[in-house]
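Quick notes on the structure that follows.
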Amino acid sequence: SAVISQKPSRDICQRGTSLTIQCQVDSQVTMMFWYRQQPGQSLTLIATANQGSEATYESGFVIDKFPISRPNLTFSTLTVSNMSPEDSSIYLCSAPDRANYGYTFGSGTRLTVV
Amino acid sequence: GQQLNQSPQSMFIQEGEDVSMNCTSSSIFNTWLWYKQDPGEGPVLLIALYKAGELTSNGRLTAQFGITRKDSFLNISASIPSDVGIYFCAGDNTGNQFYFGTGTSLTVIP
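So the protein sequences, as listed, match chains L and F. Once you know that position 63 of the first sequence is 72 in this note's numbering, the rest is easy, because the numbers rise by one and skip nothing. Once you know that position 39 of the second sequence is 47 in this note's numbering, the rest is easy, because the numbers rise by one and skip nothing.
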């Protein structure tokens, strides 16, 4: 199965600052996905990141708040900008897994904004 | 996004008991996935289903793709303590985007 390395695993940030989360996949993938999981909740798709084009954002998520980079087929970053306590969540990246036709997830970034 | 409803929301069972949970959607899906999430970890894929009516097993886990393509079921037989976690269903009807269910929290009492 594909392996995704995500970092940082957790962070505590001051409101008004920004945090960039990185995901590295051990194989080339066309699409990567970024999810948010609020405490005790399910996963909500933030955006789809395609290499060579701008990310596609889901309703309720905008590029100014969650800029995404996808410089190559194995790497992506998500930035949470101008953070407020409401941004405290787990953020997860995901990529297709050719071995089993499912999707593999990184281990997540637990963000706390104070 | 699409809404997938899972039930039950939580379960408390004795070790050795069987577990059943399901996932329903208002939309038709072409693929159903079942994931398990342990605390502090990302979800891990358990079973993938690609055809209506399909029944697939992975050890003690069995999942079915509903005939209507709007639901899926997951069964766990002879539960053990390490089955504890949150189970999520996920559905896809576009080929490149999955929507996740509301989750079922499972507690196994030794």
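Built from N, CA and C at the ideal position, the CB exists for glycine as well.
>> Between Ala-71 (chain F) and chain L, is the shortest Cβ-Cβ distance under 7 angstroms, so that the two count as touching?
In response: no
> Taking only beta-carbon atoms, is Pro-16 (chain F) less than 7 angstroms away from chain L?
Replying inline: no
> Taking Cβ to Cβ, would you say Glu-25 (chain F) is nearer than 7 angstroms to Ser-87 (chain F)?
Replying inline: yes
> Quick one: is Leu-52 (chain L) near chain F, going by C-beta distance under 7 angstroms?
Replying inline: yes
> Exposed or buried, Pro-105 (chain L), counting other C-beta atoms within 10 Å across all chains shown (16 or more means buried)?
Replying inline: buried
> Which whole-angstrom value is the C-beta distance of Thr-65 (chain L) and Thr-53 (chain L), which I expect to be below 8 angstroms?
Replying inline: 15 angstroms between Cβ atoms; not a contact.
> Tyr-66 (chain L) versus chain F: which residues are under 9 angstroms apart at the beta carbon?
Replying inline: By Cβ distance, chain F contributes nothing, its closest Cβ being about 12 angstroms from Tyr-66 (chain L), past 9 angstroms.
>> Taking the alpha carbon of Glu-95 (chain L) as the reference point, which residue from L:Ile-77, L:Gly-61, L:Leu-101, L:Gln-47 has its own alpha carbon closest?
In response: L:Gln-47
>> Tell me the rounded alpha-carbon separation between Val-92 (chain F) and Asp-46 (chain F).
In response: 8 angstroms
> Val-123 (chain L): buried (16+ other C-beta within 10 angstroms of its C-beta) or exposed?
Replying inline: exposed
> Among the residues of its own chain, which have a CB less than 6 angstroms from the CB of Phe-108 (chain F), if the five just before and after it don't count?
Replying inline: Phe-96, Ala-98
> On the premise that Ile-13 (chain L) lies in contact with Thr-113 (chain L), defined as a C-beta separation below 8 angstroms, what is that separation, rounded to the nearest angstrom?
Replying inline: 6 angstroms
> Is the number of C-beta pairs between the stretch 68-84 of chain F and the stretch 30-47 of chain F that are closer than 8 angstroms three or more?
Replying inline: yes
> Using DSSP with H/G/I as helix, E/B as strand and the rest coil, what is Pro-48 (chain L)?
Replying inline: coil
>> Distance cutoff 7 angstroms, beta carbons only. Does Phe-108 (chain F) sit that close to anything in chain L?
In response: yes
> So which residues of chain L does Ala-60 (chain F) contact, with C-beta pairs closer than 9 angstroms?
Replying inline: Here the premise fails: no neighbours, minimum Cβ distance about 16 angstroms.
> Hey, does Leu-53 (chain F) have any beta-carbon neighbour from chain L nearer than 7 angstroms?
Replying inline: yes
> In terms of residue numbering, what span does the beta strand (DSSP E) encompassing Arg-19 (chain L) cover?
Replying inline: 19-22
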